[in-house]
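Position 236 of the sequence shown, counting from 1, maps to 236 under UniProt numbering, and the rest follow consecutively.
Don't be surprised by glycine CBs; every beta carbon is placed ideally from N, CA and C.
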Amino acid sequence: MRIKDKYISPFTDFGFKKLFGSEPNKDILIDFLNELLQKDTGRITDLTYLSPEQLGRDADSRKAIFDIYCESETGEKFIVELQKAKQNYFKDRSIYYSTFPIQQQAEKGDWNFKLNAVYTIGILDFVFDEDKYDSAVFHHEVQLIDKKTNKVFYDKLTYVYLEMPKFNKTENELETHFDKWLYVLKNLEDLSSRPAKLQERIFAKLFEQAALGNYTEAEYAAYEESLKIYRDLKNSIDTAFDEGRMEALQLIAGKMKQKGDPVSAIIELTGLSQSQIDKL
Numbered sequence: 001m002r003i004k005d006k007y008i009s010p011f012t013d014f015g016f017k018k019l020f021g022s023e024p025n026k027d028i029l030i031d032f033l034n035e036l037l038q039k040d041t042g043r044i045t046d047l048t049y050l051s052p053e054q055l056g057r058d059a060d061s062r063k064a065i066f067d068i069y070c071e072s073e074t075g076e077k078f079i080v081e082l083q084k085a086k087q088n089y090f091k092d093r094s095i096y097y098s099t100f101p102i103q104q105q106a107e108k109g110d111w112n113f114k115l116n117a118v119y120t121i122g123i124l125d126f127v128f129d130e131d132k133y134d135s136a137v138f139h140h141e142v143q144l145i146d147k148k149t150n151k152v153f154y155d156k157l158t159y160v161y162l163e164m165p166k167f168n169k170t171e172n173e174l175e176t177h178f179d180k181w182l183y184v185l186k187n188l189e190d191l192s193s194r195p196a197k198l199q200e201r202i203f204a205k206l207f208e209q210a211a212l213g214n215y216t217e218a219e220y221a222a223y224e225e226s227l228k229i230y231r232d233l234k235n236s237i238d239t240a241f242d243e244g245r246m247e248a249l250q251l252i253a254g255k256m257k258q259k260g261d262p263v264s265a266i267i268e269l270t271g272l273s274q275s276q277i278d279k280l
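Printed below as a string of structure tokens:
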């Protein structure tokens, strides 16, 4: 770890779950989701964390492991994913993930098929290839649209993607509470103190929870390991995608497989299919 580091990186598994995925800090997640979604149906006032491991409907079905999975007091479901490096078919994966909370709402017996809303949120430490020349739009909110009328056809299924490398506002340029959130997500690891513009109570708590000086030795060691994995994998995978070298991805997957990493983790980090991994 760099000596100058004072705060954790929210793009590590440890940092993300420390700040957003723990019961004592759920007010931080609630504030972020309210600013991100700006829902017409009212603000989120409470959340319940659900199991991140989701099993299929039968023993042969593929399972899914979410970074964070939670439910609001009104029954809305939220999948919040942090994607550290480019991945083949990432959009496909997020669509697939959204099917789990949809199917879980099925009721036995007589049921009218009414569903609660499902939100799938991806905080991306990369830019979509198809959007890499469009620097103006980094906050994507996707719903089912009627192409003939250009109106929302169904408003209970929403996908939100934040291409964080495109957000380049400085502290002086921050105007909204949402701007401040994006600034924190992108710059937290490199800050030496809480910026003057981020004086709201929720940011005071976030910076307190992110301060490495408050961690036990065990927590510090766990974060260091998470940070090393993040940097190594991001550098390796991003290089592989940039150079278009499938063999580089296979090499990474092979090393992970030798270490005994779960196939689901290898798929998530490399974008390779299970059959491609089985051949390694």
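Short Cβ contact (8 Å threshold) for Ile-123 with Tyr-97: No, they are not a contact pair.
Straight-line gap, Lys-18 to Glu-173 (C-alpha atoms, nearest Å): Approximately 28 Å, taken between the alpha carbons.
In DSSP terms, what Phe-78 is bridged to: Phe-78 is bridged to Cys-70, Tyr-119.
Contacting residues, own chain, Cβ-Cβ under 6 Å from Met-256 (five flanking each side not counted): Closer than 6 Å at the Cβ level, and outside the excluded window around Met-256, lie Ile-266.
Cβ contact (3+ pairs, closer than 8 Å) linking the segment 139 to 149 and the segment 98 to 117: With the cut-off at 8 Å, the segment 139 to 149 and the segment 98 to 117 do not touch.
Element boundaries [alpha helix (DSSP H), containing Thr-99]: Thr-99 -> alpha helix (DSSP H) spans 90 to 103.
Delimiting residues of the beta strand (DSSP E) encompassing Val-142: Element bounds for Val-142: 139 to 146.
N-terminal and C-terminal residue of the beta strand (DSSP E) that Leu-174 is part of: No beta strand (DSSP E) holds Leu-174; DSSP gives it neither H nor E.
Closest residue to Phe-11 among Tyr-215, Gln-83, Ile-277 (Cα-Cα distance): Scanning Tyr-215, Gln-83, Ile-277 for the CA closest to the CA of Phe-11 turns up Gln-83.
Option in Ala-211, Thr-216, Glu-200, Lys-279 with minimal Cα separation from Asp-31: Checked all of Ala-211, Thr-216, Glu-200, Lys-279; the closest Cα to Asp-31 is Glu-200.
Cβ pair Val-118, Ile-95 closer than 8 Å: Contact flag unset, no.
6 Å CB neighbourhood of Thr-74 in its chain, flanking five on each side removed: Answer for Thr-74: no residue qualifies.
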